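Peer 1: Can you keep this structure in mind? I'll have questions shortly.
2 protein chains.
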Amino acid sequence: MTGYDDDISLQPFLQRLAQLVALTEDESEAIRGLEFELVSIPRHRNVIAKGETPSYLYAVLDGWAGRYSLRPDGTRRITGFVVPGDFCGIHAVCHSPLDHAIVALTDCVIAKVSLGQLEQLVARFPVIGRALWHAKLVDEAILRIWLLNSSDAFRTLAHLLCEFEARLHPGETSGSRQFQLPVNQEHLADALGLTPVHLNRVLQRLRASGVIDLSRKVLTIPDINELRKAAHFDCSYLHAPTPLQHPVTENTL
Amino acid sequence: MTGYDDDISLQPFLQRLAQLVALTEDESEAIRGLEFELVSIPRHRNVIAKGETPSYLYAVLDGWAGRYSLRPDGTRRITGFVVPGDFCGIHAVCHSPLDHAIVALTDCVIAKVSLGQLEQLVARFPVIGRALWHAKLVDEAILRIWLLNSSDAFRTLAHLLCEFEARLHPGETSGSRQFQLPVNQEHLADALGLTPVHLNRVLQRLRASGVIDLSRKVLTIPDINELRKAAHFDCSYLHAPTPLQHPVTENTL
DNA sequence: CGCCCTTTTGAAGAAAATCAAGGGCAGTGG
DNA sequence: CCACTGCCCTTGATTTTCTTCAAAAGGGCG
Numbered sequence: 454m455t456g457y458d459d460d461i462s463l464q465p466f467l468q469r470l471a472q473l474v475a476l477t478e479d480e481s482e483a484i485r486g487l488e489f490e491l492v493s494i495p496r497h498r499n500v501i502a503k504g505e506t507p508s509y510l511y512a513v514l515d516g517w518a519g520r521y522s523l524r525p526d527g528t529r530r531i532t533g534f535v536v537p538g539d540f541c542g543i544h545a546v547c548h549s550p551l552d553h554a555i556v557a558l559t560d561c562v563i564a565k566v567s568l569g570q571l572e573q574l575v576a577r578f579p580v581i582g583r584a585l586w587h588a589k590l591v592d593e594a595i596l597r598i599w600l601l602n603s604s605d606a607f608r609t610l611a612h613l614l615c616e617f618e619a620r621l622h623p624g625e626t627s628g629s630r631q632f633q634l635p636v637n638q639e640h641l642a643d644a645l646g647l648t649p650v651h652l653n654r655v656l657q658r659l660r661a662s663g664v665i666d667l668s669r670k671v672l673t674i675p676d677i678n679e680l681r682k683a684a685h686f687d688c689s690y691l692h693a694p695t696p697l698q699h700p701v702t703e704n705t706l
Numbered sequence: 454m455t456g457y458d459d460d461i462s463l464q465p466f467l468q469r470l471a472q473l474v475a476l477t478e479d480e481s482e483a484i485r486g487l488e489f490e491l492v493s494i495p496r497h498r499n500v501i502a503k504g505e506t507p508s509y510l511y512a513v514l515d516g517w518a519g520r521y522s523l524r525p526d527g528t529r530r531i532t533g534f535v536v537p538g539d540f541c542g543i544h545a546v547c548h549s550p551l552d553h554a555i556v557a558l559t560d561c562v563i564a565k566v567s568l569g570q571l572e573q574l575v576a577r578f579p580v581i582g583r584a585l586w587h588a589k590l591v592d593e594a595i596l597r598i599w600l601l602n603s604s605d606a607f608r609t610l611a612h613l614l615c616e617f618e619a620r621l622h623p624g625e626t627s628g629s630r631q632f633q634l635p636v637n638q639e640h641l642a643d644a645l646g647l648t649p650v651h652l653n654r655v656l657q658r659l660r661a662s663g664v665i666d667l668s669r670k671v672l673t674i675p676d677i678n679e680l681r682k683a684a685h686f687d688c689s690y691l692h693a694p695t696p697l698q699h700p701v702t703e704n705t706l
């Protein structure tokens, strides 16, 4: 490990993979033992620029990043959020350039793991390769949900907030929530394909309906199931851990 | 090979993979030699239902299929088209159920290849595993483009037609085109997230601008580059073969 | 305090949905 | 041969949603 702070580890990345497949102690240990280079990326700077083919996997340990592309008219569309535990850059195993850019939405702490090392790890533990596949499938499922929702601003916004909640607090099923939402209304608008003005009005409708409060970048959800109902949110597409996840089919060696 | 017609082979599937990575004769031969079960799926029937975890890879040899989900209000959103050479069902390698359904938009001829056999193939020829990854990345890139375009109906429709052209005729760069477009306006509307009525009007604007003609399910493009210009289409996201593709980086053994 | 960034409000205009009805065309059956 | 039927495409009128343009109000921070 080459991190400049011994407290910083790949734990969030490991947890993310462990949500998707059952890992043995050996496998977990191998992931924890990966060498990585720790980088801090300040807000507004690209993690990976469009067209890049990096030779590292970027595991985000802290902070939020966003995937985005620019339209012909210069406006931006955010096509996905990257939260702690998520990774990006895996496209490079295909020697293919990234078709979009990934920008730090907040200051980020990121672990760079060489793809060569990752390939060795996958060769030794195929289940880790399957976890990476699984994570990609979740990314794809999220994109499909965004397309599906795109017809109704109110529901889409509620759904996106549910997505944040589910990704930040996987496995929790009911009750209230309060957490940092380190993005501003312009980010949300760019993610939903709305103008900031319209997003603001939709957000106020959501607040008025009592299912959320959002101020000073703190999102408060009095009852997560009320919000989910408003959003018609079904978390199964995220493949998050639930009490009934990973039954007997997964071979745990 | 267990097909009931010796003329029918995995050739379209092989071609698709060969677009994404450089394959040796051995590797191509191994793909051609896969055992498969040939199935015919009539129009309107599901290829894979939502929630299914099949034990086969479905390689579409002929016909068009569509990925779709239903909204809470019962309306449909098509989130992707599956054309000859494409495959689906690979999510099952993660033992995860499909989060959407795949329906035959026309009568389809599909080769079912067992996932076990596929895994053996990938174990023997890792480059084939990378081709499958690459194909998934292209699926993802297409979803991102759909999200990116979703703000402008005219451009989105033009872009979708460019996507069809590029996927059906990869590598061709200029000139005119004429090919079957076996979907109706309702399908296009469901794919673009528009109502059929509005799609019809946008389609007429496209026709009036002279870049396409579409009647009786035959799409005519007098000049593909004119259409691409109208759509702001850049085919690189599809990773289709171009004269400069696959330079020295790919290890061809 | 004054500045910048972000959120909020208002009013007018454009884009798309909705509702409703008519038209073309292929296939079917008398 | 012609009428009938079903499917798809097309058109018109109206309403809703979202954008655009413009400006004001907070809030954090030097």
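From first to last, the protein sequence lines stand for chains C and Z.
Throughout the first sequence, residue numbering follows this note's numbering, covering 454 to 706 in sequence.
Throughout the second sequence, residue numbering follows this note's numbering, covering 454 to 706 in sequence.
Yeah, the Cβ is synthetic: ideal placement off N, Cα and C, and Gly gets one too.
In this text, all values refer to a predicted model and were calculated from it rather than measured experimentally.
(1) Name the residue from C:A483, C:E572 and C:A471 whose alpha carbon lies nearest to the alpha carbon of C:Y509.
(2) So, is the C-beta of C:R524 closer than 9 Å to a C-beta in chain Z?
(3) Just reading off the beta strand (DSSP E) that C:K670 is part of, what are its end residues?
(4) Helix or strand or just coil, what does DSSP make of Z:P700?
(5) By the DSSP assignment, the alpha helix (DSSP H) with Z:N653 in it spans what residues?
(6) Who does C:F540 pair with in a DSSP beta bridge?
(7) Relative to chain Z, which residues along the segment 594 to 608 of chain C have a C-beta separation below 9 Å, given in chain order?
(8) Which residues in chain C sit within 9 Å of Z:K589, going by Cβ to Cβ distance?
(9) Count the CB pairs spanning the segment 597 to 607 of chain C and the segment 638 to 657 of chain C that are closer than 8 Å, and state whether there are at least three.
(10) Rounded to a whole number of angstroms, what is the C-alpha to C-alpha distance between Z:R530 and Z:F617?
(11) Which residues mark the beginning and the end of the alpha helix (DSSP H) in which C:E679 is found?
(12) Which residues in chain Z sit within 9 Å of C:H497, going by Cβ to Cβ distance?
(13) Looking at the structure shown, is C:L463 part of a helix, part of a strand, or coil, going by DSSP?
(14) What residues in its chain sit with their C-beta under 8 Å from that of C:K589, if we drop five residues either side in the sequence?
(15) Taking the alpha-carbon positions, what's the C:M454 to Z:P537 distance?
(16) Taking Cβ positions, are Z:I461 and Z:V556 nearer each other than 9 Å?
(17) Say whether chain Z places a C-beta atom closer than 9 Å to the C-beta of C:L574.
(18) Report the rounded CA-to-CA distance for C:V671 versus C:Q638, giving the unit in angstroms.
(19) Taking Cβ-Cβ distances below 9 Å as the criterion, which residues of the segment 538 to 569 of chain C are in contact with chain Z?
(20) Is there at least one Cβ from chain C nearer than 9 Å to Z:T477's Cβ?
(21) Evaluate Z:E593 with the Cβ neighbour count: other Cβ atoms within 10 Å of its Cβ, from every protein chain shown; 16 or more gives buried, anything less gives exposed.
(22) Taking just the CA atoms, how far does Z:A502 sit from C:Y690?
(23) Z:R577: which of Z:L470, Z:D479, Z:C688 and Z:Q472 sits nearest, CA to CA?
(24) Please tell me whether Z:W599 and Z:T673 are closer than 9 Å, where the distance is taken between their beta carbons.
(25) Cα separation between Z:Q464 and C:A475?
(26) Check whether the Cβ of Z:V440 lies closer than 9 Å to any Cβ atom in chain C.
(27) Does DSSP classify Z:P550 as helix, strand or coil?
(28) Cβ atoms of Z:L558 and Z:A518: under 9 Å apart, would you say?
(29) Can you name, in chain order, every residue of its own chain whose Cβ lies under 7 Å from the Cβ of Z:D515, other than the five neighbours on each side?
(30) Could you spell out the range, first to last residue, of the beta strand (DSSP E) harbouring Z:T528?
(31) Return helix, strand or coil for C:Q472, following the three-state DSSP convention.
Peer 2: In this structure, then:
(1) As a first step, residue 509 of chain C is located in the first sequence; it is residue number 56 there, counting from the start. Out of C:A483, C:E572 and C:A471, C:E572 has the C-alpha closest to the C-alpha of C:Y509.
(2) Within the first sequence, the letter at position 71 stands for residue 524 of chain C. Yes, because at least one Cβ of chain Z sits closer than 9 Å to the Cβ of C:R524.
(3) Against the first sequence, residue 670 of chain C aligns to sequence position 217. No beta strand (DSSP E) contains C:K670, which DSSP labels as neither H nor E.
(4) Translated into positions along the second sequence, residue 700 of chain Z becomes position 247. The predicted position of Z:P700 is uncertain, since its pLDDT is 43 and thus under 50; a value taken from the coordinates is nonetheless stated next. Z:P700 falls in the coil class under three-state DSSP.
(5) In the second sequence, counting from the first residue as 1, residue 653 of chain Z sits at position 200. Here the alpha helix (DSSP H) through Z:N653 covers P649 to A661.
(6) Your numbering for residue 540 of chain C matches position 87 in the first sequence. For C:F540, which the question treats as bridged, DSSP gives the partners C:A512.
(7) A594, L596, R597, I598, W599, L600, L601, N602, S603, S604, D605 and R608
(8) Here residue 589 of chain Z is taken as the residue at index 136 of the second sequence, counted from 1. Under the 9 Å cutoff, chain C gives W586, K589, L590 and E593.
(9) yes
(10) Start at 1 with the first residue of the second sequence, and residue 530 of chain Z comes out as number 77. Start at 1 with the first residue of the second sequence, and residue 617 of chain Z comes out as number 164. About 18 Å.
(11) Taking the first sequence and counting its residues from 1, the one referred to as residue 679 of chain C is at position 226. That run of the alpha helix (DSSP H) goes I677 to A684.
(12) Counting from one through the first sequence, the residue named residue 497 of chain C turns up at place 44. The premise fails here: C:H497 is roughly 21 Å from chain Z at the closest Cβ pair, so nothing lies under 9 Å.
(13) Here residue 463 of chain C is taken as the residue at index 10 of the first sequence, counted from 1. If DSSP states are grouped into helix, strand and coil, C:L463 belongs with coil.
(14) As a position in the first sequence, residue 589 of chain C is number 136, starting the count at 1. Around C:K589: I543.
(15) Stepping through the first sequence from its first residue, residue 454 of chain C is reached at position 1. Stepping through the second sequence from its first residue, residue 537 of chain Z is reached at position 84. For C:M454, the pLDDT reaches just 46, beneath the cut-off of 50, and the residue's location in the model is therefore unreliable, although a value from the coordinates is still provided. Approximately 47 Å, taken between the alpha carbons.
(16) Looking up residue 461 of chain Z in the second sequence gives position 8. Looking up residue 556 of chain Z in the second sequence gives position 103. No, they are not a contact pair.
(17) Translated into the one-based positions of the first sequence, residue 574 of chain C becomes position 121. So, not an interface residue.
(18) In the first sequence, residue 671 of chain C corresponds to position 218, counting from 1. In the first sequence, residue 638 of chain C corresponds to position 185, counting from 1. Near 12 Å, if we compare the C-alpha coordinates of C:Q638 and C:V671.
(19) I543, H544, V546, C547, H548, S549, P550, D552 and H553
(20) Locating residue 477 of chain Z in the second sequence gives position 24, counting from the first residue. No, Z:T477 does not count as interfacial toward chain C.
(21) Residue mapping note: residue 593 of chain Z aligns to position 140 of the second sequence, counting from 1. Flag for Z:E593 reads buried.
(22) Position 237 of the first sequence, counted from the first residue, corresponds to residue 690 of chain C. Position 49 of the second sequence, counted from the first residue, corresponds to residue 502 of chain Z. Looking at the two C-alpha atoms, the distance is approximately 15 Å.
(23) For the purposes of this step, residue 577 of chain Z is taken as the residue at position 124 of the second sequence. Checking every option, the nearest Cα to that of Z:R577 belongs to Z:D479.
(24) Locating residue 599 of chain Z in the second sequence gives position 146, counting from the first residue. Locating residue 673 of chain Z in the second sequence gives position 220, counting from the first residue. No; because the gap between Cβ atoms is not below 9 Å, this pair is not in contact.
(25) Taking the first residue of the second sequence as 1, we reach residue 464 of chain Z at position 11. Taking the first residue of the first sequence as 1, we reach residue 475 of chain C at position 22. Taking the straight line from one Cα to the other gives about 37 Å.
(26) The displayed coordinates of chain Z run from 454 to 706. Any statement about residue 440 of chain Z would go beyond what the structure contains.
(27) On the second sequence, residue 550 of chain Z is found 97 positions in, with the first residue counted as 1. Reduced to three states, the DSSP call for Z:P550 is coil.
(28) Here residue 518 of chain Z is taken as the residue at index 65 of the second sequence, counted from 1. Here residue 558 of chain Z is taken as the residue at index 105 of the second sequence, counted from 1. Cβ distance < 9 Å, so Z:A518 and Z:L558 count as in contact.
(29) What you label residue 515 of chain Z is simply residue 62 of the second sequence in a count that begins at 1. Same-chain partners within the cutoff: P537, C561 and V562.
(30) By 1-based counting over the second sequence, the position of residue 528 of chain Z is 75. Run containing Z:T528: none; DSSP gives neither H nor E here.
(31) By one-based count along the first sequence, residue 472 of chain C stands at place 19. Here C:Q472 sits in helix by DSSP.
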